[in-house]
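Q:
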Amino acid sequence: MPDLTLDLRFLRYAIVTAEYGSFRRAALVLGVPQSTVSRRVQLLEHRLGARLFERHHGGVRLTAGGEHFLKEAAAMARGVQRAADEIAAARKGEAGSLKIGLFTSISSGFLSELLAEFRVKYPAIKLILDEDTAEANIAGAISGRLDLAFVSGDPRAPNCNSKTFWQERIYVVMSSDHPLADQPTVCWDDIRHEDFIVSAGGPGPEIQDFLIKQLWAIGFRPSIVVHGVGRENLMGLVAKRSGLSLTTESSLGAIYTGVTFRPLAEVSDTVIMSAIWSSSNENPALKRAIELCVRIADDRRRTARSRSNLGSGIINNS
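Here's what the structure looks like:
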């Protein structure tokens, strides 16, 4: 069996020689002496135990065996180069994959902007999304199943880093023919006697806890039914007047027939959103994602301040 323990330069010299039909022209293209090309091709032939080229006065041409070998070898060399390029890109955080856990809508808002910009900036990185409860997402970040998880509140977990990036206003979701749909906002007193529905997964458990906390605070025990459905089917149940639900403003980017969103009147009814990730996670793509999160959060804060200053100026001038 021939000894094939040689580096890829031997193959490259043979491939370029075949392409140009001459050791001299191959040497010019490769930027090495002609004797180097000739010697390495000869060594390759020796190790293979077969001639790859027929030498003639005007140059060289492939033998039948050489043509078959270099066709396969060229494909292999391209594969090796492609793999090397992918490894280099992954090391720089420009390729690979990024597993993200989420539990809110990506139809609009911060996450929508993040995912859109990330795909444009790093098209070679495969984004893998996993929607689950906040608890499951945090567990995924701890175990390494997820590179990055987005949850509400300010999460704390062993051997993890976290950072708050944005906040969202809370909305009441109701059927479009519900009497409260005519109001611009809704307060807790308006919905104290309503039936509520939530999903078992995603943000459902946190919405349930939030409803209980807020309504108990004003002396009412809410009626809540938990359904094992996703966001779309839950909205379908709301449209059929099976009950009200809550969501955050990122859901407003989606269109659900027969459903109306009304903000809670209390200004304090907002939820902060944070990211959490394992401090030992060395995925370079994770660093790129966090950098982009920071940049988007900073941009959104600057925009909010500009709008606030503009509003103050209008009020002062009126």
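Each residue of the sequence shown is one higher than the last, beginning at 1 in full-length UniProt numbering.
Glycine included, C-beta positions come from ideal geometry on N, C-alpha and C.
(1) Who are the Cβ neighbours of V259 in its own chain at under 7 Å, not counting the five residues just before and after it?
(2) Going by DSSP, what residues sit across from H227 in a beta bridge?
(3) Around the C-beta of A73, are 16 or more other C-beta atoms found within 10 angstroms, so that it is buried, or is it exposed?
(4) Within the same chain, show all residues whose beta-carbon is closer than 7 Å to that of E168, passing over the 5 residues directly before and after it, in chain order.
(5) Would A217 be called buried (16 or more neighbouring beta carbons within 10 Å of its own) or exposed?
(6) Locate the alpha helix (DSSP H) running through Y171, then write down its first and last residues.
(7) What's the call for E291, buried or exposed, on a 16-neighbour Cβ count within 10 Å?
(8) Along the chain, where does the alpha helix (DSSP H) containing K240 start, and where does it finish?
(9) Please report the straight-line C-alpha distance between S97 and I197, rounded to a whole angstrom.
(10) Give the straight-line distance between the Cα atoms of residue 373 and P179, rounded to the nearest whole angstrom.
(11) Decide if E135 is buried, meaning its Cβ has at least 16 other Cβ atoms within 10 Å, or exposed.
(12) Can you tell me whether G31 is buried or exposed, with buried defined as 16 or more other CB within 10 angstroms of its CB?
(13) Tell me whether the beta-carbon of V80 lies closer than 8 Å to the beta-carbon of T17.
(14) Report the three-state DSSP secondary structure of P263 (helix, strand or coil).
(15) Can at least three beta-carbon pairs, one atom from the segment 124–133 and one from the segment 183–203, be found at a separation below 8 Å?
(16) Do A181 and I276 come within 8 Å of each other at the CB atom, strictly closer than that value?
(17) Looking at chain D, is there any beta carbon in it that lies within less than 8 Å of the beta carbon of S278?
(18) Output the distance between the C-alpha atoms of N159 and S223, rounded to the nearest integer angstrom.
(19) Report the rounded CA-to-CA distance for I191 versus R221, giving the unit in angstroms.
(20) Give the single residue among G66, A254, V225 whose Cα lies nearest to the Cα of S242.
(21) What residue range is occupied by the uninterrupted alpha helix (DSSP H) comprising D209?
(22) Assign D190 to one of three DSSP states: helix, strand, or coil.
(23) Nearest by alpha-carbon distance to W166: which of G219, K71, Q208, A297 is it?
(24) Buried or exposed: D3, going by 16 or more other Cβ atoms within 10 Å of its Cβ?
(25) Helix, strand or coil: which one does DSSP assign to L148?
(26) For L114, collect the residues of the same chain with a Cβ closer than 7 Å to its Cβ; drop the 5 residues on either side in sequence, then sort them by chain order.
(27) Note down the Cα distance separating Q208 from R82, rounded to an integer number of angstroms.
(28) On the DSSP letters alone, give me the boundaries of the beta strand (DSSP E) that A254 sits inside.
(29) Short of 7 Å in beta carbon distance, which residues of its chain neighbour T63, apart from the five on each side in sequence? Order them along the chain.
(30) Where are the alpha helix (DSSP H) runs, 4 residues long or more, that stay fully inside the UniProt domain "HTH lysR-type" (6–63), in chain order?
(31) For A275, which three-state DSSP category applies?
A: To lay it out plainly:
(1) V173, S175, S176, M235, V238, A239
(2) S199
(3) buried
(4) G109, T248, E249, S250, T270, V271, M273
(5) exposed
(6) Taken as a continuous stretch (DSSP letters only), Y171 belongs to no alpha helix (DSSP H), being part of the beta strand (DSSP E) at 160–175.
(7) exposed
(8) Premise fails: K240 is in no alpha helix (DSSP H) and is neither H nor E.
(9) 36 Å
(10) No answer is possible for residue 373: the residues shown for the chain start at 1 and end at 318.
(11) exposed
(12) exposed
(13) no
(14) strand
(15) yes
(16) no
(17) In summary, chain D is missing from the structure at hand, where a single protein chain is found.
(18) 38 Å
(19) 11 Å
(20) V225
(21) 204–217
(22) helix
(23) A297
(24) Low confidence applies here, because D3 scores a pLDDT of 49, under 50, leaving its location unreliable and the question unanswered by this model.
(25) strand
(26) L292, C293, I296
(27) 50 Å
(28) No beta strand (DSSP E) contains A254, which DSSP labels as neither H nor E.
(29) R51, L52, F53, E54
(30) 8–20, 23–30, 34–48
(31) strand
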